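Below is one structure; the comments refer to it alone.
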Amino acid sequence: MNDHPHALPQGYELYEYRIRGVLGHGAMGITYRAWDTNLDKEVAIKEYLPGDLAERIEGADVGPRSSSDRDAYLRGLDGFLKEAQTLALFRHPSIVTVHRFFEANGTGYMVMEYEKGESLSALLRRRKEPFTEDALKRILLPLLDGLAVVHGAAFIHGDIKPANVRIREDGTPVLLDFGSVRTGFGDSNARGPGAVTPGYAPIEQYYADGNVGPWTDIYALAAIMYEAVSGRPPP
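In the numbering used here, the protein residues as written are 99 to 333.
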């Protein structure tokens, strides 16, 4: 299990959710595995904690690193909560389900379905041979179908990479970690840079005025397919 210096401690209670550990972290925050004490089930919780703007300031509270970061942090928090509200409307087997969202500790939280299985990054590491065409289609086509729903609502994922694709125990894929989601193609909300993962991020994500859109996600998905076929991470 991953660790993070600013993560909430194991056993911390966030309303009805008890933190069990860190699932992962990225540019926009930390994702936890947690236990829903009301429904007696595991969930995943995304905490808004952009490392370049915010830090854990006291106890569980989160705040901007400096007064000059305050406005950007609050804008980002507002965007995180609005995007969680929209993502909660999506119901597609290849898109992680958002159950609820809320503010606490000076930041925002998104409660999602906890998807059991193996990350595509782990699967790629342990495979000895390239994927067959049929195996690729079983992963690629459902993800494209799910992205069509997201793009149809004028959103993009913005950080598609093998670590953000989970292969369930039945072999079906699901796209996780929408913490870098963007909306409004062509306007200032859809400009880079956001989360940039070398090899999977297209050129527009490296520039503040880069024009991101559905094509940004398609490029990242194509980079994953390149790795699955060649056995090598994309350059």
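Every residue gets a Cβ at the ideal spot worked out from N, C-alpha and C, and that includes glycine. In this text, all values refer to a predicted model and were calculated from it rather than measured experimentally.
- Rounded to the nearest angstrom, the gap between the Cα atoms of tyrosine 298 and alanine 318 is 5 angstroms.
- Assigned with DSSP and collapsed to three states, serine 166 falls in helix.
- Of Arg225, Phe276, Arg264 and Glu111, the smallest CA-CA separation from asparagine 203 is found for Glu111.
- In this structure, valine 272 keeps its C-beta atom at 7 angstroms or more from the C-beta atom of serine 219.
- Beta-bridge partners of histidine 123 (DSSP): Ile128.
- Taking each of Leu151, Ala105, Asp138 and Leu137 in turn and checking the Cα distance to threonine 129, the smallest one comes out for Ala105.
- Alanine 202: member of the beta strand (DSSP E) spanning 196-202, first to last residue.
- Counting along the chain, proline 312 sits inside the alpha helix (DSSP H) bounded by residues 312-328.
- For the set Thr135, Asp167 and Ile143, the Cα lying nearest the Cα of threonine 195 is the one of Ile143.
- Taking a contact as a CB-CB distance under 8 angstroms, the pair histidine 197 and valine 141 counts as one, their CB atoms being some 7 angstroms apart.
- Residue environment for threonine 135: exposed (fewer than 16 other C-beta atoms within 10 angstroms of its C-beta).
- Threonine 230 counts as exposed, since fewer than 16 other C-beta atoms from the protein chains shown sit within 10 angstroms of its C-beta.
- The alpha carbon of glutamate 156 has as its nearest neighbour, out of Thr205, Ala186 and Tyr171, the alpha carbon of Thr205.
- Judged by pairs of C-beta atoms under 8 angstroms, the region 184-191 does not touch the region 115-122, as fewer than three such pairs exist.
- Under DSSP, serine 217 shares a beta bridge with Arg264.
- Close CB contacts of leucine 222 within its chain, under the 7 angstroms cut and outside five residues either way in sequence, are with Pro260, Glu325 and Ala326 (chain order).
- If the five residues before and after proline 332 are omitted, its C-beta is found closer than 7 angstroms to the C-beta atoms of Gly297, Tyr298, Ala321, Tyr324 and Glu325, all from its own chain and listed in chain order.
- The beta carbon of histidine 102 lies closer than 6 angstroms to those of Val120, His123 and Ile128 in the same chain, with the five residues before and after it left out.
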